[in-house]
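For the sequence shown, this note's numbering assigns the number 1 to the initial residue and increments by one for each residue that follows.
Ideal Cβ positions, reconstructed from N, Cα and C, are used throughout, including at glycine.
Just so it is clear, the structure is predicted and the values come from calculations on it, not from any experiment.
Everything on this sheet refers to the single structure shown next.
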Amino acid sequence: MSPAFPGFDIATFLARHWQKKPLLIRGAFPGFRDPLDTKAVLRLAADPDATARLVQRAQGRWSLDHGPFSGARVRALPKRDWTILVQDTNHFSDRAAQLLQRFDFIPHARVDDLMVSYAVPGGTVGPHVDSYDVFLLQGHGRRRWQVSAQKDSRFVPGLPLKILQRFRADSEWVLEPGDMLYLPPGVAHYGVAETECLTWSVGFRAPSDRELVGAFLDHLHDNLDPPGHYRDPGARRPRHAGEVPRELTAHVGRALRSIRWSGADVALFAGRFLSEPKSQVVFDPPERPLSPARFTLQASKRGLTLDRRSRLLFSGTMFFMNGEAQRAVRAAPTLRKLADARALPGPVRAGAEFWRMAYAWYQQGFVQLGNGGEP
């Protein structure tokens, strides 16, 4: 695998730093250009389909507001000490999606989104700790980052943000455009804008065991159909009508112990769960879809691209598109290429199984003809 960034060795990074310790990469993106400039970021913050937050600090007091934020609202803000954060920029911009794709040395199943922070001087979200890995890529302007190995993760009570009560910096850097800082989960950090700036955050999914277990139980509920019902022939009049009968409690135990699942069940659940799009995502099917034959002809020439919001994963010959599972054997090599690169440049040579699946996804708005190219 070629280096993701100049002077960056993927194998060394994964062995020494990933989920272990921070790493500063100076000049990770030489001549870096922001996928979206400041005006485009603020337009996105005004979009009701985007998820935006405004964090302000005034006279030692913190506030958090949720978007969308109109241009008039932004123009009325002070010259210092605020920042606007916009999630999922990769859902709205091909350039942002292409930047996120540069981090494919981490499995797509672990990738969450590309967030951008626009900040004026002094803008910050305060010292805090994240439960997930993050790459902080500096765009336009400069931001000072402080990092601490402290174990004290107590938050200031009564705030809308999880800001640390105490923060003692062990390291400090000012990041210029193209510089990047990696932070593993649990590392306390504090970033403050030195100038007006844009900072791009590549965040990764880290579902809690509680979330996984709850989702798996929902999966079992949807896919299991135990045949029995509670019966109590020969029941006697109870001494206490309000007491739960022992026989009923025993039946509950037997029903629960009868539940079984296999490794294949877990793999199916994991693929569906990890490929599930975010709750706010709504796909846009084509208004006038091509016929299957016309679609196949066009796609074989022009290629195919996943919609920016689509999540396509696989496990063996089982493929998971946006929470749905489908097995494919003959089409597997081509589908794996699409899952890895998120696009298939034309000409595309594939069999009937692939085109049948691709056309169904096209009808749902999950894939598009061509290779994108929006600025």
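_Could you check whether the segment 23 to 31 touches the segment 164 to 178, counting it as contact only if at least three pairs of C-beta atoms, one from each stretch, sit closer than 8 Å?_
By the criterion of at least three beta-carbon pairs nearer than 8 Å, the segment 23 to 31 is in contact with the segment 164 to 178.
_Three CB pairs or more closer than 8 Å across the segment 51 to 60 and the segment 68 to 88_ = Touching, yes, given that three or more Cβ pairs across the two stretches are closer than 8 Å.
*Where in the segment 33 to 61 do unbroken runs of the beta strand (DSSP E), each at least 3 residues long, occur, reported from the N-terminal end onward?*
Listed in chain order, the complete beta strand (DSSP E) runs (minimum 3 residues) inside the segment 33 to 61 are 52 to 58.
*Just mark N58 as buried or exposed, buried being the case when its beta carbon has 16 or more other beta carbons within 10 Å.*
Residue identity check: residue 58 is Ala in the sequence provided, not Asn. So A58 counts as exposed.
*Verify whether the separation of the beta carbon atoms of V74 and L42 is less than 9 Å.*
A Cβ-Cβ contact shorter than 9 Å links V74 with L42.
_For I148, report the span of its beta strand (DSSP E) as first-last._
According to the sequence as given, residue 148 is Ser; it is not Ile. Residue range R143 to S148 is occupied by the beta strand (DSSP E) that includes S148.
_Quick check: the Cα distance between Y132 and G228, rounded to an integer number of angstroms?_
Straight across, the Cα-Cα distance linking Y132 with G228 is about 43 Å.
_As assigned by DSSP and simplified to three states, the class of D218_ = Judged by DSSP in its simplified three-state form, D218 adopts helix.
*Look at G303 and P347 and say whether their C-beta atoms are less than 9 Å apart.*
Closer than 9 Å, so yes.
*asked:* In whole angstroms, give me the CA-to-CA distance for R16 and F8.
replied: Taking the straight line from one Cα to the other gives about 12 Å.
*Distance CB(L100)-CB(V111) smaller than 9 Å*: For L100 and V111, yes; Cβs fall inside 9 Å.
*Excluding the five sequence neighbours on either side, which residues of its own chain have a C-beta within less than 6 Å of the C-beta of R237, listed in chain order?*
Leaving aside the five residues that flank R237 on each side, none in its chain has a CB nearer than 6 Å to its CB.
_Pairwise C-alpha distance: G203 and G373_ = Model confidence at G373 stands at a pLDDT of 45, short of 50, so the residue's coordinates are unreliable; what they give is reported in the following sentence. Cα-Cα distance, rounded: 24 Å.
*Using 10 angstroms around the beta-carbon of P375, count the other beta-carbons present and answer buried if the total reaches 16, otherwise exposed.*
A caution first: P375 carries a pLDDT of 39, below 50, which makes its placement in the model too unreliable to give a value.
*Determine the DSSP secondary structure at T124, reduced to helix, strand or coil.*
Looking at T124 - three-state DSSP - the assignment turns out to be coil, as it is neither helix nor strand.
*Return helix, strand or coil for P345, following the three-state DSSP convention.*
Three-state DSSP puts P345 in a strand.
*Which residues DSSP lists as bridging Y118, in chain order*: Partner(s): I84 and L198.
*Would you grab the beta carbon distance between G351 and R330 for me? Rounded to a whole angstrom, and I think it's under 8 Å.*
The Cβ separation is near 5 Å, so the contact holds.
*Ends of the beta strand (DSSP E) at I25?*
Here the beta strand (DSSP E) through I25 covers L23 to I25.
*Runs of beta strand (DSSP E) wholly within the segment 276 to 333 (minimum 3 residues, chain order)*: The qualifying runs are 303 to 306, 312 to 315, 318 to 321 and 324 to 327.
_Y190, DSSP secondary structure in three states_ = Y190: strand per DSSP, three-state reduction.
_I'd like to confirm the pairing. Which residues does DSSP put opposite V367 in its beta bridges?_
V367 is bridged to L306.
*In three-state DSSP terms, what is F273?*
In this structure, F273 counts as helix in the three-state DSSP scheme.
*Return the residue from the list V134, F155, S148 and V120 that minimises the CA-CA distance to G141.*
For the residues V134, F155, S148 and V120, the minimum Cα distance to G141 belongs to V120.
*Are the segment 212 to 221 and the segment 147 to 164 in contact at 8 Å, needing three or more beta carbon pairs?*
Verdict: no, contact absent.
*My guess is that A325 and L268 are in contact by the Cβ rule of under 8 Å, so how many angstroms apart are they, rounded?*
Beta-carbon to beta-carbon, A325 and L268 are separated by about 6 Å, close enough to satisfy the 8 Å threshold.
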